[in-house]
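*Asks:*
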Amino acid sequence: MIAELGHFSLVLALLVSMLMSIYPLWGAHTGNQMYMAMARPLSVGLFLFTAIAFACLTYSFVTDDFTLSYVAHNSNSLLPIQYKYTAVWGGHEGSFLLWVLMFSGWTFAVSLFSKAIPQEMVARVLGILGVVAVGFYLFIIIASNPFESLLPFYPVDGRDLNPLLQDIGMIIHPPMLYMGYVGFSVAFAFALAALLSGQLDSVWARWARPWTQAAWAFLSIGIALGSWWAYYELGWGGWWFWDPVENASFMPWLIGTALLHSLAVTEKRKLFKSWTILLAIAAFSLSLLGTFLVRSGILISVHSFASDPERGLFILALLVTVIGGSLLLYGLRASQLKSVGRYGLVSREVMLFGNNVLLSAATLVVLLGTLLPLVHKELGMGSISIGEPFFNQMFTVLIVPFAFLMGVGPLSRWKKQNLVDLRNQLVMAFIIAILGALAINYSYDSLATITLLGSFLSIWIAVSTIFEILQRTGNQFSLSSLGKLSRSHWGMVLGHLGFAISIMGIAVTSHFTTEMEVRMSEGETVALSGYNFTFKGIVSIEGQNYSGHAGIVDIHKDGDFVSSLRAEKRFYSVQRSTMTEAGIDSNLSRDLFVALGEQLKDGSWALRLYVKPLVTWIWIGAFIMAFGAFLSMADKRYRLSKFATRKKAVLDNNAVPQGVPQQ
Amino acid sequence: MKKILLFLIPLGAFIAVTGFLLKGLYSEPRYEVSVSVSKPIPDFELPDVMDPKKLYTKETFLGQKTLLNVWGVWCVTCAVELPYLTELRKQGVRIVGLYYQLNNDPDFDQKPLPQLQWEIRQMLGKHGNPYQFNMFDKDRSYGMDLGVTGAPETFLIDELGVVKVHHVGDLNTRVWKEKFSMYFGES
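The listed protein sequences derive, respectively, from chains A and B. Under the numbering used here, think of the first position of the first sequence as 8, with each following residue one higher. Under the numbering used here, think of the first position of the second sequence as 1263, with each following residue one higher.
Encoded structure:
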């Protein structure tokens, strides 16, 4: 009953999206106020009906309604209750429902926080989101309906949630990732609305910026969580594998980063207008393409989703309509965009342009690396595989100029910068970075080119970012002068520092990780990088839907007790699969990582031990970057930080003529 | 007009990509290509699962009778037949493994190769290692060329690279006597 209600509600949402794709756009075209005014209530309806559908599916999971095919495939009566909630997005259909829920949520948010934007623009933006929504909702209802019933023949119990997903990281990773993917739809809608209206000044950039920052921040968190999850749950100590699923999320992130910077130029300097619009289209298109690649099964040639190419064809048709349509509109309209304003060869504009070129090149590298095997095969040249070495090499090459610009860019002025004026700061930053990099390598008793380079770039970015703050505050490092910097400025600073921290983590951990595969009997001790790992024995463990055993490993350093780790091996009986739960002791300077293997014939156990220096820096950096983006969003000039300030914001905005940049 | 063409370049690039995606979507008829008995084994070039730089081709089957065993660490039945296969290897039967990837949920990550290798070493260390080497069928495409439906499956390939037997399921004494032993000059 509840499931039918959910299904019905989803169909209603489709109908609402259809209305939304027609009336507001038509109203904006003909100047009909009433049609335009329909946009907001419709977006409320869209969100409401989708939320009801989602709640119904959740209810079906919690109450073990195995008459639903999706529930029967992804849950089990013995599944712990918290995972019954999260199993809702544990498979294709449900995760797509989560996706449309996020999408309708963003649409709703746009209607809520757009009071300061002219009604015509709001109608266009919501109308475009409505058009995209029609595609999504058609897809979920026709090709991947989570409410499909198994009646009259339904199983007594379900097949259980994939044990890999029974974990805290997986509870928050997909929602964050989808928030990011779908969030780029707002910038996309703003860009298209600007093209449609022919109102091709740069006002749209100012409206779209906070939305882009929000989407980017969520995407950063989502990617970081996914990487962190892979790190501790796969039990292999790796944190990035360049597989197609990861690449699918990395491409929108790269282009999104370019978009953030390009929007800044468009907003402040009214330059790069057509380029920014193209990036806004590309960021959302890559999100869609990523969805297609992952869900159509085109890259991993056989698996559960691929059994029916209808799904892939459907998403492809959606891609062609949305991406093809918007690129066509872009092609026809973008030539009318004229960027006025002059700037010198050495100026912040040029540096940001360099940033955009490098980020686009990086995206292209990932796109090629992901699609080339497919193209190669389709051209009849056989199967090739492009692996880590290709990506690592390309990114090592790209990151050098990128980091260089990241140091110089913020220090430079708009329009024209005399490099000689920056000489002191740049030389200082260079020297500090060299010395710092050498010191870091020295502290690990060896010298590796890649770490030397990475830590150099990281310190270079950090030091020049600090110089930039000093420059802004007139070399006063007092609290009051720091407080004068705007939130969006702090956002930039944190974004760059976070990046520097991640780079440092990557550079150090990828070379100075030590690992060891050992067989150990009870009481035995092995030493690794100055730590003594003592195997204390095995205990049995019993969970709600799994059983297994845990190896206890005590770690000492120089005779002092450091930590006692539990490395588990769990057997999930319904899915008949074994999972490794690594034992990790984490602090800022290193992770100690222990994974349990099989018991060997002589009664000893196989264990894998790792000491991974600075590995947590990678994720800490990503979270700082995301925090920076949130901070920037809360900047006064966007007026959407809080509900409380909204009214005031509307008043202020009425006082200030629309579209006049405040800086 | 020229300028519009310039701005249409992204659209052109996208259309080209779409062409490949569409084609890729339907290039799955390999499903139907099931190798049948008494036909030559399909061409391949597959890496060694332990050392992906090492590549094997059809040549590796020429000149001697070989059992090609399809297996994976995730496959419970494979663990059961490993000791028997190891027995066969001791009797001088050449056995080559085709490592078959588990049907993974593509929304989430594949196992990283080092982990897979480690698990393979673990499993073979525990149940015995019958294999001369293991070829890695990463995306299961060669499995499809062969008409593999699951694991374990075993193919007998003769000196000329022709498939003689295709057995689905585990290999044990009974199956060996019924289907395989005659090719090895046993009664």
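Even glycine gets a Cβ: it sits at the ideal position worked out from N, Cα and C. For clarity, every value in this text was computed on a predicted model and none was experimentally measured.
Based on the DSSP secondary-structure assignment, which residues constitute the bridge partners of Gln606(A)?
*Replies:* Its beta-bridge partners are Trp612(A).
*Asks:* By DSSP, does Tyr77(A) sit in helix, in strand, or in coil?
*Replies:* Three-state result, Tyr77(A): helix.
*Asks:* Just list the alpha helix (DSSP H) runs in the stretch 201-246 of chain A, keeping only unbroken ones of 4 residues or longer that don't cross its boundaries, in chain order.
*Replies:* Segments of the alpha helix (DSSP H) lying fully in the stretch 201-246 of chain A: 210-240.
*Asks:* Span of the alpha helix (DSSP H) holding Asp592(A)?
*Replies:* Element bounds for Asp592(A): not the alpha helix (DSSP H) but the beta strand (DSSP E), Gly590 to Ser593.
*Asks:* Hey, Leu285(A) and Pro1392(B) are a contact pair by Cβ (cut 8 Å); roughly how many whole angstroms apart?
*Replies:* The pair is not a contact, with the Cβ atoms about 57 Å apart (cut-off 8 Å).
*Asks:* Along chain B, which residues have their Cβ under 9 Å away from the Cβ of Gly645(A)?
*Replies:* It should be pointed out that residue 645(A) corresponds to Tyr in this sequence rather than to Gly. Chain B residues near Tyr645(A): none, gap ~29 Å exceeds 9 Å.
*Asks:* Determine, using beta carbons only, whether Lys1285(B) comes closer than 9 Å to chain A.
*Replies:* Yes, contact with chain A.
*Asks:* Contact between the stretch 411-423 of chain A and the stretch 347-355 of chain A is defined here as three or more beta-carbon pairs at a separation below 8 Å; is this criterion met?
*Replies:* With the cut-off at 8 Å, the stretch 411-423 of chain A and the stretch 347-355 of chain A touch.
*Asks:* Return the residues of the stretch 1418-1441 of chain B that lie within a Cβ-Cβ distance of less than 8 Å from chain A, sorted by chain order.
*Replies:* Within the stretch 1418-1441 of chain B, no residue has a Cβ that lies closer than 8 Å to any Cβ of chain A.
*Asks:* Which of the residues in the stretch 452-477 of chain A, read from start to end, lie with their CB under 8 Å from any CB of chain B?
*Replies:* Of all residues in the stretch 452-477 of chain A, none has a Cβ within less than 8 Å of some Cβ in chain B.
*Asks:* What are the boundary residues of the alpha helix (DSSP H) that includes Pro1376(B)?
*Replies:* Taken as a continuous stretch (DSSP letters only), the alpha helix (DSSP H) holding Pro1376(B) covers Leu1375 to His1389.
*Asks:* With a CB to CB cut of under 6 Å and the five nearest residues on each side skipped, what residues in its chain are close to Glu1349(B)?
*Replies:* Result list for Glu1349(B): empty, nothing under 6 Å.
*Asks:* Using the C-alpha atoms, what's the distance from Ile147(A) back to Leu504(A)?
*Replies:* Roughly 41 Å between the two C-alpha positions.
*Asks:* Determine the extent of the alpha helix (DSSP H) in which Phe506(A) is found, giving its start and end residues.
*Replies:* It spans Arg494 to Phe519 - the alpha helix (DSSP H) in which Phe506(A) sits, taken as one unbroken run.
*Asks:* Does Met1312(B) get closer than 9 Å to chain A when you measure Cβ to Cβ?
*Replies:* Answer no: the Cβ-Cβ gap between Met1312(B) and chain A never drops below 9 Å.
*Asks:* Mind pulling the chain A residues with CB within less than 8 Å of Leu1273(B)?
*Replies:* Going along chain A in sequence order, the residues near Leu1273(B) (Cβ under 8 Å) are Gly331, Leu334, Leu335, Tyr337 and Gly338.
*Asks:* Within a Cβ cutoff of 8 Å, which residues of the same chain sit near Phe542(A), ignoring the five residues on either side of it in sequence?
*Replies:* So the list reads Met527, Ser528, Glu529, Gly530, Glu531, Thr532, Gly558, Ile559, Val560, Trp612 and Leu614, once near-sequence residues are dropped.
*Asks:* Between the alpha carbons of His36(A) and Ser204(A), how many angstroms are there, rounded?
*Replies:* C-alpha separation (whole angstroms): 8 Å.
*Asks:* Going by DSSP, which residues form a beta bridge with Val1425(B)?
*Replies:* Per DSSP, Ile1419(B).
*Asks:* Which residue marks the beginning of the alpha helix (DSSP H) containing Ile548(A), and which one marks its end?
*Replies:* Taken as a continuous stretch (DSSP letters only), Ile548(A) belongs to no alpha helix (DSSP H), being part of the beta strand (DSSP E) at Tyr538 to Glu549.
*Asks:* By how many angstroms is the C-alpha of Ala140(A) removed from the C-alpha of Phe291(A)?
*Replies:* Approximately 13 Å, taken between the alpha carbons.
*Asks:* Taking the alpha-carbon positions, what's the Gly376(A) to Asn254(A) distance?
*Replies:* Taking the straight line joining both Cα atoms gives about 9 Å.
*Asks:* Can the beta-carbon of Gly165(A) be found less than 9 Å from the beta-carbon of Leu86(A)?
*Replies:* Result yes, Cβ atoms of Gly165(A) and Leu86(A) sit closer than 9 Å.
*Asks:* Got a sec: is the Cβ-Cβ distance from Pro1392(B) to anything in chain A below 9 Å?
*Replies:* By this cut-off, Pro1392(B) is not an interface position.
*Asks:* Three or more C-beta pairs closer than 8 Å, one from the stretch 58-71 of chain A and one from the stretch 155-163 of chain A: is that the case here?
*Replies:* Touching, no.
*Asks:* Do Met523(A) and Val470(A) have their C-beta atoms within less than 9 Å of each other?
*Replies:* Contact: no.
*Asks:* Looking only at its chain, what residues have a beta carbon closer than 6 Å to the beta carbon of Leu12(A), apart from the 5 residues adjacent to it on each side?
*Replies:* Here the set comprises Cys63.
*Asks:* Under 7 Å Cβ-Cβ, which residues of chain A neighbour Gln1384(B)?
*Replies:* In chain order: Gly604, Glu605 and Ala613.
*Asks:* Does the beta-carbon of Lys1400(B) have 16 or more other beta-carbons within 10 angstroms, so that it is buried, or is it exposed?
*Replies:* Lys1400(B) should be labelled buried.
*Asks:* Under the rule that 16 or more other beta-carbon atoms within 10 Å means buried, what is Phe191(A), buried or exposed?
*Replies:* Answer is buried; the Cβ neighbour count reaches 16.
*Asks:* Using a Cβ-Cβ cut-off of 9 Å, state whether Leu1317(B) counts as contacting chain A.
*Replies:* No, no contact with chain A.
*Asks:* Got a sec: is the Cβ-Cβ distance from Val364(A) to anything in chain B below 9 Å?
*Replies:* False, the Cβ-Cβ gap to chain B never drops below 9 Å.
*Asks:* For the putative contact between Ser580(A) and Tyr553(A), defined by C-beta atoms under 8 Å, what is the C-beta separation to the nearest angstrom?
*Replies:* Sure, about 7 Å apart at Cβ, within 8 Å.
*Asks:* Just to confirm my understanding: we take Gly257(A), look at its own chain, exclude 5 residues before and 5 after, and list those with CB closer than 8 Å. What are they?
*Replies:* Looking at the sequence itself, residue 257(A) is Phe, so the reference to Gly does not match. Cβ within range, chain order: Ile230 and Val373.
*Asks:* Are Leu599(A) and Val569(A) touching if we call contact CB-CB under 9 Å?
*Replies:* Yes, they are a contact pair.
*Asks:* Val309(A) CB to nearest chain B CB: under 9 Å?
*Replies:* Unreliable positioning characterises Val309(A) in this predicted model, as indicated by a pLDDT of 33, which lies under 50. A coordinate reading is not provided.
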